[in-house]
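Going by my numbering, the first residue of the sequence shown is number 1, and it counts up by one from there. We put the CB at the ideal spot given by N, CA and C, even for glycine. This one's a predicted model, so the numbers in the text were calculated from it and none came from an experiment. Just below is one structure, and these are the notes that go with it.
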Amino acid sequence: MADEQKTVAELAAEIKASQAEAVDKVKAIAEEALGKAKAGEELTAGQKQATDEALVKMNELTEQMSGLEQKLARAGGEGGEEQKTFGEKVTDDEDFKKWLESSPTSGKADVRFKASLTTATTDAAGSVGDGAAPTRLPGVVELPQRRMTVRDLLSQGRMDGNTLEYVQEKGFTNSAAPVAEGATKPESDLQLEMKSTGAKVIAHWMKASRQALDDVSFLRSMIDQRLMFGLAYAEENQLLNGDGTGQNLSGLIANATAYAAPGGLAPASATAIDTMRLAMLQATLAEFPATGHVMNPIDWTRIETTKDADGRYIIGNPQGTIAPTLWGLPVVATQAIAQDKFLTGAFRLGAQVFDRWDARVEVGYVDKDFTNNMVTILAEERLALAIYRPEALIFGDLGFVA
Numbered sequence: 001m002a003d004e005q006k007t008v009a010e011l012a013a014e015i016k017a018s019q020a021e022a023v024d025k026v027k028a029i030a031e032e033a034l035g036k037a038k039a040g041e042e043l044t045a046g047q048k049q050a051t052d053e054a055l056v057k058m059n060e061l062t063e064q065m066s067g068l069e070q071k072l073a074r075a076g077g078e079g080g081e082e083q084k085t086f087g088e089k090v091t092d093d094e095d096f097k098k099w100l101e102s103s104p105t106s107g108k109a110d111v112r113f114k115a116s117l118t119t120a121t122t123d124a125a126g127s128v129g130d131g132a133a134p135t136r137l138p139g140v141v142e143l144p145q146r147r148m149t150v151r152d153l154l155s156q157g158r159m160d161g162n163t164l165e166y167v168q169e170k171g172f173t174n175s176a177a178p179v180a181e182g183a184t185k186p187e188s189d190l191q192l193e194m195k196s197t198g199a200k201v202i203a204h205w206m207k208a209s210r211q212a213l214d215d216v217s218f219l220r221s222m223i224d225q226r227l228m229f230g231l232a233y234a235e236e237n238q239l240l241n242g243d244g245t246g247q248n249l250s251g252l253i254a255n256a257t258a259y260a261a262p263g264g265l266a267p268a269s270a271t272a273i274d275t276m277r278l279a280m281l282q283a284t285l286a287e288f289p290a291t292g293h294v295m296n297p298i299d300w301t302r303i304e305t306t307k308d309a310d311g312r313y314i315i316g317n318p319q320g321t322i323a324p325t326l327w328g329l330p331v332v333a334t335q336a337i338a339q340d341k342f343l344t345g346a347f348r349l350g351a352q353v354f355d356r357w358d359a360r361v362e363v364g365y366v367d368k369d370f371t372n373n374m375v376t377i378l379a380e381e382r383l384a385l386a387i388y389r390p391e392a393l394i395f396g397d398l399g400f401v402a
């Protein structure tokens, strides 16, 4: 009964000592047998029996030691109590025993487990946190971003001052004609208007902890995917939709010429595809052949999925890989333009964007940043937009929305 009161650790120590003795005994027998073999002597039957008994004893003690070590591991260390398995908890539960003794034919025994596997690292039942290493992915999982395309349509330029002045051609009357000798030459008329626009600042900032400055991947993602993307997003909206009031740019749409089918060519049941072709003609008649189209992705999808009476796609091939084009010109599909609207024209000849400040980033301490272990990250740019010829840009409705 004394052994029943001993702890698992105490039993393990005793068996370990016995195992060590058994191992030493087996070594001694092995050394004696080796010496006899070298001397040409054979082991007696008694010596062989002693050898077998020593090996059996050593194996038994080793097995017992292994079992106790497993119990110690489940107990969480040498000083802990042995933890029962879920099966042992069920069969040892008093409510379960009473239910089983009642020779049940219905009902159930409800056994609640207080301990379950958790990510805790404390010395408690079910704590497996130390065995589950965290998986850390580099960088930041990025949010969806719009692809910026409008700036690429325009001519690029730089400016040194804060104000941009340029001459806009508003009209040209060409009276050139053959003239007889001594006759008065005809006069042509060119309407020019001096335009002036200021460089506008687009900027925003955000706070970050000082620790973020040490996390290079996080900081890079924060600047590239949030601050710089935010600037480009606002810039694209300004280039297209700026109304010229306050600190807004005077954008392409605000300066474009309204669509009007030239020469009464619009068919009675004109489709969006017809409208785009006639808008190209309108720009051509203004001596600025169109170089591209801008429309909402929803409208471009409607055009691409247009079918003929036999169910065949008119302009699209679902298996094709050709870049979006319509009437031979590239199509820029962007959500920066409203649905059911389009902008067509000679973008590079009709307008130009001028950068006063390239997009830049500044990091510093503002107000209580230093004492709060924070930093302020500022991103900004400064630019102006010149519209040389409003007739080169045609803006109108596609006719999808009544």
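Residue i versus residue j: straight-line alpha-carbon distance, rounded
i: A346; j: G292; result: 7 Å
i: L393; j: V331; result: 15 Å
i: S269; j: P289; result: 25 Å
i: M159; j: D274; result: 40 Å
i: G79; j: A13; result: Summary for G79: the model assigns pLDDT 48, below 50, so the residue's position carries little reliability; its value from the coordinates is reported in the next sentence. Cα to Cα, G79 sits roughly 13 Å from A13.
i: A177; j: G263; result: 24 Å
i: L385; j: V179; result: 42 Å
i: G161; j: K307; result: 53 Å
i: G230; j: T149; result: 14 Å
i: I303; j: K185; result: 51 Å
i: R226; j: N255; result: 30 Å
i: A333; j: I253; result: 15 Å
i: D189; j: L265; result: 28 Å
i: S102; j: S18; result: 46 Å
i: D340; j: P267; result: 19 Å
i: D243; j: E187; result: 37 Å
i: L398; j: N373; result: 54 Å
i: A132; j: D224; result: Unreliable positioning characterises A132 in this predicted model, as indicated by a pLDDT of 47, which lies under 50. A coordinate reading is not provided.
i: M194; j: T271; result: 39 Å
i: S196; j: R151; result: 21 Å
i: V167; j: Y388; result: 7 Å
i: A183; j: S175; result: 14 Å
i: S250; j: P324; result: 28 Å
i: F395; j: L326; result: 16 Å
i: L219; j: Y365; result: 16 Å
i: M276; j: V294; result: 10 Å
i: A2; j: I15; result: Below a pLDDT of 50, predicted positions are generally treated as unreliable, and A2, at 44, falls in that range; no measurement from the model is reported.
i: E165; j: F354; result: 11 Å
Which of helix, strand or coil DSSP assigns to residue i
i: F229; result: helix
i: K195; result: strand
i: N401; result: Per the sequence presented here, residue 401 reads as Val, with Asn not at that position. DSSP places V401 in coil when its eight states are reduced to three.
i: S209; result: strand
i: F347; result: helix
i: K185; result: coil
i: K368; result: coil
i: L378; result: strand
i: R220; result: helix
i: A20; result: helix
i: D310; result: coil
i: D340; result: coil
i: D215; result: coil
i: G244; result: coil
i: A239; result: Note that residue 239 is Leu in the sequence shown here, rather than Ala. L239 falls in the helix class under three-state DSSP.
i: G264; result: helix
i: I394; result: strand
i: I15; result: helix
i: A176; result: coil
i: A384; result: strand
Unbroken alpha helix (DSSP H) run spanning residue i, endpoints
i: E304; result: P297 to E304
i: T284; result: A272 to L285
i: L153; result: V150 to L153
i: L252; result: L252 to N255
Continuous beta strand (DSSP E) stretch holding residue i: start and end
i: M159; result: Element bounds for M159: n/a, residue is neither H nor E.
i: V331; result: L329 to A333
Integer Cβ distance of residue i from residue j, believed to fall under 8 Å
i: R382; j: V201; result: 5 Å
i: T278; j: A261; result: In the sequence as displayed, the identity of residue 278 is Leu instead of Thr. Their Cβ separation, rounded to whole angstroms, is 5 Å, which keeps L278 and A261 in contact under 8 Å.
i: E169; j: L192; result: 6 Å
i: L343; j: I337; result: 6 Å
i: T173; j: G198; result: Actually they do not touch by this definition, with Cβ atoms about 32 Å apart.
i: A203; j: E362; result: Going by Cβ atoms, the distance from A203 to E362 rounds to 10 Å, so no, they are not a contact pair.
i: D299; j: F400; result: 6 Å
i: Q247; j: N296; result: Contact doesn't hold; Cβ gap of about 26 Å is too wide.
heavy atom of the ligand GTP below 7 Å from residue i C-beta
i: S155; result: In the structure on display, the ligand GTP does not appear, and there are no ligands present to speak of.
Q: Would you check if there are 3 or more beta carbon pairs closer than 8 Å linking the segment 361-374 to the segment 202-215?
A: Cβ pair count under 8 Å is three or more, so yes.
Q: Say whether the segment 227-247 touches the segment 280-289, bearing in mind that this needs 3 or more beta-carbon pairs closer than 8 Å, one atom from each stretch.
A: no
Q.
Three or more C-beta pairs under 8 Å: does that hold for the segment 346-355 against the segment 308-325?
A. no
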